[in-house]
């Protein structure tokens, strides 16, 4: 009887071993698929993005406002932001509002759920001053600028990320500080250097 029991136990163990040997090859691909799906859920694997953010300037002049942009990232190693912003700017001459339009060219450096974005770009700003004095001349201007900076981005969801950016911007435009009580525009062209900070959210779509 002991010999019969031992034989049965041996057969049972062989059956279990055969079942496990069949299951292991099936488990490995399933784990790979799950891992791949986890990676694919990252917002950083998408081609397009729509962002909204708050922005502020400090330096030659200060200001604050909002911005929006469209992101195009056709490859994992480079992308472009097309942006437009609207800011109220400090001015002794009256109410000044600036509207930058431009682009960022960036290189995404991915570190899991976060990534760094070194960036450079150029932009044009339509700048308007509404004089505080009645019948005073306006001092509207067009400024041309270039910028460089660094962004930090965190994945919140497979479609959503949070970002913080810092940029240094050099503008070239006309001097509008020659007469503080009017909107006078001087013929002198000069550079203006400001620092800019952005904080916002990006909605991602179009899986690569």
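Numbering (our numbering), first residue to last: 2 to 209. The beta carbon of each residue, even a glycine, is placed where N, CA and C say it ideally should be.
Please report the straight-line C-alpha distance between residue i and residue j, rounded to a whole angstrom.
i: residue 116; j: residue 134; result: 49 Å
i: residue 163; j: residue 188; result: 42 Å
i: residue 102; j: residue 209; result: 27 Å
i: residue 54; j: residue 161; result: 13 Å
i: residue 70; j: residue 110; result: 20 Å
i: residue 149; j: residue 201; result: 18 Å
i: residue 142; j: residue 173; result: 10 Å
With distances taken between CB atoms, is the gap from residue i to residue j smaller than 8 Å?
i: residue 45; j: residue 156; result: yes
i: residue 88; j: residue 98; result: yes
i: residue 152; j: residue 114; result: no
i: residue 166; j: residue 207; result: no
What residue does the beta strand (DSSP E) around residue i start on, and which one ends it?
i: residue 235; result: Since the first residue shown for the chain is 2 and the last is 209, residue 235 is missing from the structure and cannot be characterised.
i: residue 72; result: 64–76
i: residue 139; result: Taken as a continuous stretch (DSSP letters only), residue 139 belongs to no beta strand (DSSP E), as it is neither H nor E.
i: residue 199; result: 190–208
i: residue 99; result: 95–107
i: residue 1; result: In the structure as shown, the chain starts at 2 and stops at 209, and residue 1 therefore has no counterpart that could be examined.
i: residue 122; result: 115–132
Rounded C-beta distance between residue i and residue j? I'm assuming under 8 Å.
i: residue 147; j: residue 171; result: 6 Å
i: residue 61; j: residue 193; result: 4 Å
i: residue 42; j: residue 159; result: 4 Å
i: residue 91; j: residue 63; result: 5 Å
Give me, in chain order, the residues of the same chain whose beta-carbon lies closer than 7 Å to that of residue i; leave out the 5 immediate sequence neighbours on both sides.
i: residue 106; result: 81, 120, 121, 122
i: residue 66; result: 56, 86, 87, 88, 89
i: residue 47; result: 205, 206, 207, 208, 209
Leaving aside the five residues before and after residue i along the sequence, list all residues of the same chain whose C-beta is less than 6 Å from its C-beta, in chain order.
i: residue 126; result: 99, 101, 144
CB-CB under 8 Å to residue i, same chain, minus the five flanking residues each way: which ones, in chain order?
i: residue 196; result: 58, 59, 60, 167, 168, 169, 170
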